[in-house]
Every structure is written in C-alpha cells, then in structure tokens.
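Engineer:
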Amino acid sequence: MANLKEVRNRIKSVSSTQQITKAMKMVSAAKLKRATNAITQLRPYANKLKELLANLSASLEDGSSPFLVEREPNKVLVIVVSSNRGLAGAFNTNVIKTANNLIAEKYSDQLRAGNVSVVAIGKKSQEYYQRRKYNVIGNNNDLYLDLNFENASKITESIMQGFLNGEYDRVELVYNQFKNAAMQILVAEQLIPVPKPGVKKEKDLKAVQVDYILEPSQEEIVEQLIPKNIKIQLYKAVLDSNASEHGARMTAMDKATDNAGELLKALKLSYNQARQAAITTELTEIVSGAAALSAQ
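FYI, the numbering used here numbers position 57 of the sequence shown as 650, with every residue one higher than the one before it.
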C-alpha cells in the first residue's frame with residue numbers, strides 16, 4: 594500500500610508538471626508570433642542597408658569614417674546576446690559556448706592580458722561572465738522589458754563612443770539568428786569597425802560593386818549611414834535572439850510535455866500492476882483463511 598501511495602503521488606506531480614510545460618509552450622507560441630513579425634519586418638531593411646554600406650565602403654578611404662578604420666585589436670569587446678530566463682533548451686549554453694570559442698581562437702593573447710571586455714545583453718550571459726570574473730560592462734537585462742530601437746540604440750551609442758575613445762579596438766557580436774521555431778543559427782560577426790566586403794574573384798567583384806549616385810555628398814552620407822547601420826545591426830541581432838529564444842523555449846516545452854506524457858503512461862502501468870498485485874495477495878489470503886476455517 595505504501596508503494597501505491599508513492600506512485601499516486603508521482604503521477605500527481607508529473608501531471609502538474611505536464612500542465613505547466615503545456616501552458617509555457619502556449620505562452621511561448623504567442624510570444625513567438627509577435628517576435629517573428631518584428632524580425633521579419635526589420636531583416637530585409639537591415640540586410641539591404643548592410644549590403645549598400647559594404648559596396649559603398651569598398652570605394653571609400655579608411656579615414657573617411659572612424660568606424661571604418663581597422664586597428665590592431667589590442668583591446669576587444671564581445672557583445673553576447675542571450676536571454677533573461679532559462680527553460681529554453683541549449684539556447685543560452687550554445688551562444689555562450691560560441692562566444693568562448695571566439696575569444697579562445699582569436700583573442701587568447703588579449704584575454705591573458707586582461708584586454709577582453711564583455712557586454713552581456715541578457716541575464717544568463719551577464720551572470721555567467723560575472724561569475725568567471727570577466728570585465729562585464731554595464732547591465733542591459735532590462736532591454737527585453739521594453740524592446741525597441743530607441744532602447745537598443747542607447748547600448749550601441751555607448752559602445753560606439755567607447756570605440757571612438759580607444760577603449761577597445763574591435764567589437765564582436767555573438768547571437769542566435771532566427772530561422773524557424775526549431776532551428777537557430779549561431780552567428781559571430783564583427784560589428785566595429787564595419788567590415789569591408791572580402792571579394793577575391795573578379796566576377797564576384799563585378800557582382801557586388803554598384804555605381805551609386807550620392808546625394809547630398811559622400812562625406813555626409815557616410816557620417817550618417819555608418820552609425821545608423823551599426824545601430825540597426827545590433828537591434829536586428831537582439832530581435833533575432835528574442836525570436837530564437839521563444840522558438841527554443843516552445844520546442845523545449847513541447848518535448849517536455851511529450852516526455853511527461855510518456856512518463857505518466859509508465860507510472861500508470863506501474864500503478865495498475867501494483868494494485869492488481871495487492872488485490873491478488875488479499876484474495877489469496879482470504880481464500881487461504883476460509884480454507885483453514887473449513888478444514889477445522
């Protein structure tokens with residue numbers, strides 16, 4: 594009987610957990626729809642702006658904008674975009690692992706010299722790098738409470754000013770790019786200085802080079818377009834990560850709900866077997882007792 598009570602308690606516990614994971618899946622699905630709409634609306638504009646700037650910067654001199662000047666990367670800033678909450682599978686673990694691999698492969702000397710700083714967007718990456726004594730700049734966890742271009746631009750402006758002041762020579766961006774609810778693509782790309790297109794073949798060169806008519810002037814366009822592009826690219830990365838988070842959480846909660854269902858089936862089978870065994874034992878005892886009385 595004690596075993597039956599224990600199994601009943603486990604069935605009740607797993608059933609409650611299944612209801613929670615099912616509810617979380619539904620909430621994430623609703624949030625995913627809004628997040629997907631936001632990134633799909635911004636992505637064509639951001640990609641076209643990046644392409645335009647890449648073509649334009651190919652014909653510009655390095656001194657035309659401080660954000661085009663390649664410097665020796667003695668001081669590096671890595672922006673890691675994660676989430677504020679867990680229960681999203683390997684979403685946060687993968688982006689942190691990608692950032693760590695980037696630092697280990699490209700900036701190991703700077704790390705040993707203490708010249709690698711981190712801007713964490715999301716509580717999970719913030720806590721991870723603070724526990725490991727990295728130089729974590731600022732606290733940007735509240736961005737997801739009111740995610741818009743204006744709030745994201747405040748972070749970007751601070752980073753851009755730090756680059757201009759020589760606080761870091763290169764800025765890298767690591768995030769999850771949203772593809773669909775079940776798949777996120779890990780991306781590590783250089784944000785500042787703005788990378789020029791790396792074209793090697795002549796036919797590719799002809800494909801990317803476009804002869805733009807610039808109005809009012811090349812200098813004025815560069816002055817306004819490059820900072821705007823940097824802000825847009827960071828905002829796009831945060832929107833991508835936000836949509837990826839909800840997709841990852843929805844998928845994780847869907848799997849958790851299915852696993853809870855399988856566990857419930859096994860527990861109910863175990864419960865029925867134990868109950869049948871208990872009933873059989875009681876009947877055997879009753880029959881044995883009756884037979885003993887009749888024999889007397």
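The beta-carbon is built from N, C-alpha and C at its ideal position, and this holds for glycine as well.
With distances taken Cα to Cα, identify the nearest neighbour of K772 among S837, G759 and E760.
Structural biologist: Of S837, G759 and E760, the residue nearest in Cα terms is S837.
Engineer: L741 lies in the beta strand (DSSP E); which residues open and close that run?
Structural biologist: A small fix is needed here, since residue 741 is Asn in this sequence, not Leu. No beta strand (DSSP E) contains N741, which DSSP labels as neither H nor E.
Engineer: Between the Cα of K618 and those of N741, L832 and M846, spot the shortest distance and give me the residue it belongs to.
Structural biologist: For the residues N741, L832 and M846, the minimum Cα distance to K618 belongs to M846.
Engineer: In the DSSP assignment, what are the bridge partners of F771?
Structural biologist: DSSP output for F771 lists Q777 as bridge partner(s).
Engineer: Can you name the start and end residues of the alpha helix (DSSP H) that S675 belongs to?
Structural biologist: Where S675 is concerned, there is no enclosing alpha helix (DSSP H), given that its DSSP letter is neither H nor E.
Engineer: Tell me, please, which residues DSSP counts as bridged to A713.
Structural biologist: DSSP lists V673 as partners of A713.
Engineer: Please go through the same chain and pick out, in chain order, the residues whose beta-carbon is closer than 7 Å to the beta-carbon of L779, but skip the five residues on each side of it.
Structural biologist: N687, V688, T691 and N769.
Engineer: Take E816 as the anchor and find which of L649, Q866, E644 and G679 has the nearest alpha-carbon.
Structural biologist: With distances taken between Cα atoms, E816 lies closest to L649.
Engineer: State the Cα-Cα distance for the pair G707 and R724, rounded to the nearest angstrom.
Structural biologist: Near 16 Å, if we compare the C-alpha coordinates of R724 and G707.
Engineer: Keeping to the same chain, check which residues put their C-beta closer than 7 Å to that of K799; ignore five residues upstream and five downstream.
Structural biologist: Reliability fails at K799, whose pLDDT of 48 lies under 50, so the model's placement of it is uncertain and the value that follows must be treated cautiously. Closer than 7 Å at Cβ, skipping near neighbours: no residue.
Engineer: In terms of residue numbering, what span does the alpha helix (DSSP H) encompassing I696 cover?
Structural biologist: That run of the alpha helix (DSSP H) goes F684 to K699.
Engineer: Suppose the cutoff is 7 Å on Cβ atoms and the five residues either side in sequence are ignored; what does the same chain contact list for I696 look like?
Structural biologist: Taken in chain order, the residues that qualify are V671, L704 and V709.
Engineer: Mapping the DSSP letters down to three states, classify N667 as helix, strand or coil.
Structural biologist: Coil.
Engineer: Report the CB separation of N667 from S676 in whole angstroms; it is logged as a contact under 8 Å.
Structural biologist: The Cβ separation is near 31 Å, so there is no contact.
Engineer: Answer yes or no: do F756 and I730 have a C-beta to C-beta separation smaller than 8 Å?
Structural biologist: Cβ atoms of F756 and I730: not closer than 8 Å.
Engineer: Give a yes or no on whether the C-beta atoms belonging to I806 and L646 are separated by under 8 Å.
Structural biologist: In this structure, L646 does not lie closer than 8 Å to I806 by Cβ.
Engineer: In angstroms with no decimal places, state the Cα-to-Cα distance between E644 and F660.
Structural biologist: Near 16 Å, if we compare the C-alpha coordinates of F660 and E644.
Engineer: In this structure, what does DSSP give as the bridge partners for Q783?
Structural biologist: Paired residue(s): E765.
Engineer: Between T850 and T614, which are expected to be in contact by the criterion C-beta below 8 Å, what is the C-beta distance as a whole number of angstroms?
Structural biologist: The pair is a contact, with the Cβ atoms about 5 Å apart (cut-off 8 Å).
Engineer: Between the alpha carbons of L625 and E808, how many angstroms are there, rounded?
Structural biologist: The alpha-carbon atoms of L625 and E808 are separated by roughly 40 Å.
Engineer: Should T874 be labelled buried (16 or more other beta-carbon atoms within 10 Å of its own) or exposed?
Structural biologist: The residue in question, T874, is exposed, as its Cβ has fewer than 16 Cβ neighbours within 10 Å.
Engineer: Would you mind stating whether N734 and G715 have Cβ atoms separated by less than 8 Å?
Structural biologist: Taking 8 Å as the Cβ cut-off, N734 and G715 qualify as a contacting pair.
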